[in-house]
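Colleague: First, the structure itself, so that you have it in front of you.
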Amino acid sequence: MAGSLFDQLKKSGLVTDKKAKQVQREKQQQNKKSKANKAKKGQIQQSEAAQLAAKAAEEKAQRDRELNQQRQQQQAENAKKAELKQIIEANQLKNYQGDIAYNFADDSAVKTLNINSKTQKGLANEQLHIVRFNNGYTVVPNEVLEKIEQRDATVIIRNNNNHDSHLSEEDKAYYAKFEIPDDLVW
Numbered sequence: 001m002a003g004s005l006f007d008q009l010k011k012s013g014l015v016t017d018k019k020a021k022q023v024q025r026e027k028q029q030q031n032k033k034s035k036a037n038k039a040k041k042g043q044i045q046q047s048e049a050a051q052l053a054a055k056a057a058e059e060k061a062q063r064d065r066e067l068n069q070q071r072q073q074q075q076a077e078n079a080k081k082a083e084l085k086q087i088i089e090a091n092q093l094k095n096y097q098g099d100i101a102y103n104f105a106d107d108s109a110v111k112t113l114n115i116n117s118k119t120q121k122g123l124a125n126e127q128l129h130i131v132r133f134n135n136g137y138t139v140v141p142n143e144v145l146e147k148i149e150q151r152d153a154t155v156i157i158r159n160n161n162n163h164d165s166h167l168s169e170e171d172k173a174y175y176a177k178f179e180i181p182d183d184l185v186w
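Here the sequence shown is numbered in the UniProt record's numbering, starting from 1 and rising by one per residue.
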C-alpha cells in the first residue's frame, strides 16, 4: 500500500485514466477558484481599509479646515480690536477732564464722567461722543465716530438728546417756544 489513494484506485480498476485526469482538472480549478476568492477577499479587505483611511483623512481635513477658519476669524477679530484701540488712542480728546460731573446712561447703569465746560458743550451739540475704552470711558470727536462704528458699534455710548423724536410736528413747534438750555448747572 505504498502509493496514493488515486494510484490504488487505478490499480484496482475503479478509476480510469480519463476519469482520473478529469478529477485532477476539477481539483486544480477549485484550487484556482479558492485562491482567486482569497485574493478577492484580500482585495475587498484592502479596499475597505483604503476607504476607511480615505474617510478618516477627509474627516481630518474637514476638522483642519474648520480650525483654520476659526483661527482666521479670531485673527480678524483681534486685528479689528487693535485697529479700534489705535483709532481711539489717536483721536481721543486729551484735555477733556474737569470738575463738571457729566452723567450718562451705559446700558442700564448711570455713569459719571468728570469733564470741562468745553467738552460739555461739545457733548450737548453732539460734536463729541463718549466711548468705552480700556475698562473706562473717553471722549472722541464726531469725525472718528463712523470709523469706530465700522469696527465695533458696541463701544459707542449713544447720546439720547433727542427726547422729542416721538412728538408730532405741531407739538415740536409748540415746545420750541420754551427752550431749555442743555448746559444748565444746578
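Each residue gets a CB set at the ideal place from its N, CA and C atoms; glycine is no exception.
Does the Cβ of V110 have 16 or more other Cβ atoms within 10 Å, making it buried, or fewer, making it exposed?
Modeller: The residue you call residue 110 lines up with position 110 of the sequence shown. V110 is exposed by the Cβ-count criterion.
Colleague: Give a yes or no on contact between the region 139–151 and the region 75–88, applying the rule of three or more CB pairs nearer than 8 Å.
Modeller: Counting Cβ pairs under 8 Å, three or more are found: they touch.
Colleague: Measuring only the C-alpha atoms, how far is Y96 from K172?
Modeller: On the sequence shown, residue 96 is found 96 positions in, with the first residue counted as 1. On the sequence shown, residue 172 is found 172 positions in, with the first residue counted as 1. About 33 Å.
Colleague: Just to confirm, are L93 and V139 a CB contact at a threshold of 7 Å?
Modeller: Counted from its first residue, the sequence shown places residue 93 at position 93. Counted from its first residue, the sequence shown places residue 139 at position 139. Yes, the Cβ-Cβ distance between L93 and V139 is below 7 Å.
Colleague: Does the separation of the CB atoms of N103 and T112 fall below 7 Å?
Modeller: Within the sequence shown, residue 103 is the residue found at index 103, counting from 1. Within the sequence shown, residue 112 is the residue found at index 112, counting from 1. Cβ distance < 7 Å, so N103 and T112 count as in contact.
Colleague: Indicate the three-state DSSP secondary structure (helix, strand or coil) for F104 in the structure shown.
Modeller: For the purposes of this step, residue 104 is identified with residue 104 of the sequence shown, where counting begins at 1. F104: strand per DSSP, three-state reduction.
Colleague: I'd like to check one pair, I157 with I130: are the Cβ atoms closer than 7 Å?
Modeller: Here the question's residue 130 lines up with position 130 in the sequence shown. Here the question's residue 157 lines up with position 157 in the sequence shown. Closer than 7 Å, so yes.
Colleague: Measuring from the CB of A82, is there a heavy atom of the ligand SAH at a distance below 6 Å?
Modeller: Because no ligand of any kind appears in the structure shown, any question about the ligand SAH cannot be addressed here.
Colleague: Run through DSSP, which three-state label would A109 get?
Modeller: Looking up residue 109 in the sequence shown gives position 109. Strand.
Colleague: Given this structure, state the Cα-to-Cα distance separating V23 from K35, to the nearest angstrom.
Modeller: Here residue 23 refers to the residue found at position 23 of the sequence shown. Here residue 35 refers to the residue found at position 35 of the sequence shown. Looking at the two C-alpha atoms, the distance is approximately 18 Å.
Colleague: Throw me the rounded Cβ distance for the G98 and I115 pair, which I believe falls under 8 Å.
Modeller: The residue you call residue 98 lines up with position 98 of the sequence shown. The residue you call residue 115 lines up with position 115 of the sequence shown. Rounded, the Cβ-Cβ distance is 5 Å, consistent with contact.
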